[in-house]
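Encoded as structure tokens, the structure appears first; notes follow it.
Number of protein chains: 2
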Amino acid sequence: MPARSTLRDRRRQQTAREIQSAMLRLAVRDGYGAVTTEMIATEAGISPRTFFNYYPNKEAALVGKSPEIGPDITESFRQGTGPLIKALFEALDRHLRDSYLNRDTIRMIDTLLERSPELVPQFYASLQTLTAQLAELIGQRQRAIGHHDAELLADMTTHALANAIRSWAQSETMPETDIASHARIQVERIGAIISDRQNENA
Amino acid sequence: MPARSTLRDRRRQQTAREIQSAMLRLAVRDGYGAVTTEMIATEAGISPRTFFNYYPNKEAALVGKSPEIGPDITESFRQGTGPLIKALFEALDRHLRDSYLNRDTIRMIDTLLERSPELVPQFYASLQTLTAQLAELIGQRQRAIGHHDAELLADMTTHALANAIRSWAQSETMPETDIASHARIQVERIGAIISDRQNENA
DNA sequence: GCACAATTCTGCACTGTGTGCAATGTTTGC
DNA sequence: GCAAACATTGCACACAGTGCAGAATTGTGC
């Protein structure tokens, strides 16, 4: 569901971004642990109670609302037949082109994750929606791949994608359109290490 | 530090296990969300405050305290020179032989993760200690592998290991000594998928 | 424009998590 | 058996998160 464009919905999205941005600003300034939901609400100009209408917890506000993969993309992924990894990252590439990525936002998240490494696992956990969606898609396209394997692969993919997005945010020159292929290259590098082919094509 | 065997330390370990077991019993009976730290404390025969002397939060009590990889194992892993994956899972195999795994405990965890899938990401996050240790070891042994790659690989390994332990707990017949090789096989299967070699050796 | 339906925002009361601190017990080394 | 080290506990407190009900706002049909 690619967000009906009623006034209400646009406002909702706007507020969600507002809250995330307030949270990030405060966390970068005062440290994640020092930020309370009350401070965020005040900074974002809403009541403390309303914060929880937008995000189920503090963590979630950090990551923000990321859109689901659209049905056109999932459809063509499911029905494709080429190499899985190629198709997977093509789908992610298309998905990224649909999403708005804000360099400054990602940079702030990056700063936080560097300053408070204990947040990193929590951060990846917040990407669960994407991971679960990917796992399901992989399972549907490639019936021969078991459930656990699909999940592991999806997890890895999300992880690599997050790494690629972080590199992109850090770099001044890397175009947004390179993110998916960056991630893909990392995954393939891992594949090579697993198969002990580290010194090939070096 | 392989746990000095003073009375104090043995008691500490015992209490930690006691708490975990209390938590699991209650969570299986009433559902994870319905269990409060106070209930756990009562069930385990300690004061509510003491609970937090053992575990930083409810999550952690679920997973329990798992011992670090001993220095003998890490030493020989770091200095080995063969294929990384082989060495990695050999080290894990030795590590598992040092640890006590309790089938019933794992089964209860398994039940919980099935009933409350929202716990799964949190669960993997709790294995962060192991993941971080593995990432560091990989980086030290194989200098050519970048930091991000080592982390991704470590994450995958931990994930696969958790899967293998869960299979072991479910099975009546699988010997404990097969866990590491199970995990290794999963990782290698993923490696093959990445490299689009799914139909080899089938 | 105007009523009224749907939705969203907010305040309030309440349960539960997690921490700091200081008093009180218990273990240990000597 | 004594003093230092460490563990347990109670208490007070700050904050997270939820349910509910009324106020405020926005969308809709006329």
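If you read the protein sequences in the order shown, they are chains A and B. Count along the first sequence from 1, add 24, and you get the number used in my numbering. Count along the second sequence from 1, add 24, and you get the number used in my numbering. Don't be surprised by glycine CBs; every beta carbon is placed ideally from N, CA and C. Quick caveat, the model's predicted, so the values are computed rather than measured.
What's the gap between the Cα of B:S71 and the Cα of A:Q38?
-> Residue 71 of chain B sits at position 47 when you count from the first residue of the second sequence. Residue 38 of chain A sits at position 14 when you count from the first residue of the first sequence. Going by the C-alpha atoms only, they are around 46 Å apart.
Verify whether the separation of the beta carbon atoms of B:A178 and B:V211 is less than 8 Å.
-> For the purposes of this step, residue 178 of chain B is taken as residue 154 along the second sequence, with counting starting at 1. For the purposes of this step, residue 211 of chain B is taken as residue 187 along the second sequence, with counting starting at 1. No, they are not a contact pair.
Can you list, in chain order, the residues of its chain whose CB lies under 6 Å from that of A:E83, leaving out five sequence neighbours each side?
-> Against the first sequence, residue 83 of chain A aligns to sequence position 59. Contacts found: Q146 and S150.
Three or more C-beta pairs below 8 Å linking the stretch 130 to 138 of chain B and the stretch 58 to 68 of chain B | In short, these stretches do not touch, since the Cβ pair count stays below three.
Can you give me, in chain order, the residues of the stretch 118 to 146 of chain B that have a beta carbon less than 7 Å from any beta carbon in chain A?
-> P145 and Q146
Sequence-distant residues of the same chain with beta carbon closer than 8 Å to B:V52, five excluded per side | Reading the second sequence from its first residue, position 28 is the one you call residue 52 of chain B. Answer for B:V52: M132, T135 and L136, listed in chain order.
Drop a sphere of 10 angstroms on the beta-carbon of A:A58, count the other beta-carbons inside from all chains shown, and report buried for 16 or more, exposed for fewer.
-> Within the first sequence, residue 58 of chain A is the residue found at index 34, counting from 1. By the neighbour-count rule (16 or more Cβ atoms within 10 Å), A:A58 is not buried but exposed.
Buried or exposed (CB count within 10 angstroms, at least 16 for buried), A:D173 | If you number the first sequence from 1, residue 173 of chain A lands on position 149. A:D173 should be labelled buried.
Beta-carbon neighbours of B:S205, restricted to chain A and to distances below 9 Å = Position 181 of the second sequence, counted from the first residue, corresponds to residue 205 of chain B. By Cβ distance, chain A contributes nothing, its closest Cβ being about 15 Å from B:S205, past 9 Å.
Check whether the stretch 156 to 176 of chain A touches the stretch 154 to 167 of chain B, counting contact only when three or more Cβ pairs, one atom from each stretch, lie closer than 8 Å.
-> Counting C-beta pairs closer than 8 Å gives fewer than three between the stretch 156 to 176 of chain A and the stretch 154 to 167 of chain B, which falls short of the contact rule.
List the residues of chain B that A:L236 touches, going by C-beta distances under 9 Å, in chain order.
-> Absent from the model: residue 236 of chain A. The displayed extent of chain A is 25 to 226, so no value can be given.
So which residues on chain B does A:S45 lean against when the C-beta distance must stay under 9 Å?
-> Walking along the first sequence from the start, residue 45 of chain A turns up at place 21. What A:S45 touches in chain B: nothing, since even the nearest Cβ is about 25 Å away.
Measure the CB-CB distance between A:E200 and A:L120 and report whether it falls below 8 Å.
-> Here the question's residue 200 of chain A lines up with position 176 in the first sequence. Here the question's residue 120 of chain A lines up with position 96 in the first sequence. Yes.
So, does the CB of A:H183 fall closer than 8 Å to a CB anywhere in chain B?
-> Here residue 183 of chain A refers to the residue found at position 159 when the first sequence is read from its first residue. Chain B contact via Cβ: present.
With a floor of 4 residues, list each alpha helix (DSSP H) that falls wholly inside the stretch 58 to 110 of chain B, ordered by position along the chain.
-> 61 to 68, 72 to 78, 82 to 87 and 95 to 103
Interface residues of chain A around B:D202 at Cβ under 9 Å?
-> Translated into positions along the second sequence, residue 202 of chain B becomes position 178. What B:D202 touches in chain A: nothing, since even the nearest Cβ is about 16 Å away.
Within the chosen definition, does the stretch 74 to 90 of chain A reach the stretch 40 to 47 of chain A through at least 3 CB pairs nearer than 8 Å?
-> A contact is defined here as three or more CB-CB pairs under 8 Å, and the stretch 74 to 90 of chain A meets this definition with respect to the stretch 40 to 47 of chain A.
Does the distance from the CB of A:S140 to the CB of A:P91 come in under 8 Å?
-> By 1-based counting over the first sequence, the position of residue 140 of chain A is 116. By 1-based counting over the first sequence, the position of residue 91 of chain A is 67. The answer is no: Cβ separation not under 8 Å.
Under the three-state DSSP convention, the category A:M180 falls into | Your numbering for residue 180 of chain A matches position 156 in the first sequence. DSSP places A:M180 in helix when its eight states are reduced to three.
Under 8 Å from the C-beta of B:Q210: neighbouring residues of chain A = Position 186 of the second sequence, counted from the first residue, corresponds to residue 210 of chain B. Neighbours of B:Q210 on chain A, chain order: H172, D173 and L176.
Going by CA-CA distance only, name the one from B:M180, B:R127, B:E142 and B:I130 that's closest to B:Q152.
-> For the purposes of this step, residue 152 of chain B is taken as the residue at position 128 of the second sequence. Among B:M180, B:R127, B:E142 and B:I130, the Cα nearest to that of B:Q152 is on B:M180.
Can the beta-carbon of A:W192 be found less than 8 Å from the beta-carbon of A:I203?
-> Taking the first sequence and counting its residues from 1, the one referred to as residue 192 of chain A is at position 168. Taking the first sequence and counting its residues from 1, the one referred to as residue 203 of chain A is at position 179. Yes.
Please report how far the alpha carbon of A:F101 lies from the alpha carbon of A:E42, in whole angstroms.
-> Walking along the first sequence from the start, residue 101 of chain A turns up at place 77. Walking along the first sequence from the start, residue 42 of chain A turns up at place 18. A:F101 and A:E42 have their alpha carbons spaced roughly 33 Å apart.
Amino acids of chain B, ordered along the chain, whose beta-carbon sits closer than 9 Å to that of A:L108 = As a position in the first sequence, residue 108 of chain A is number 84, starting the count at 1. Simply I217, I218, D220 and Q222.
Can you tell me which of the three DSSP states B:I175 falls into?
-> Translated into the one-based positions of the second sequence, residue 175 of chain B becomes position 151. Residue identity check: residue 175 of chain B is Glu in the sequence provided, not Ile. Helix at B:E175.
Would you call B:F75 buried or exposed, if buried means 16 or more other Cβ atoms sit within 10 Å of its Cβ?
-> Translated into positions along the second sequence, residue 75 of chain B becomes position 51. With at least 16 other beta carbons inside 10 angstroms of its own, B:F75 counts as buried.
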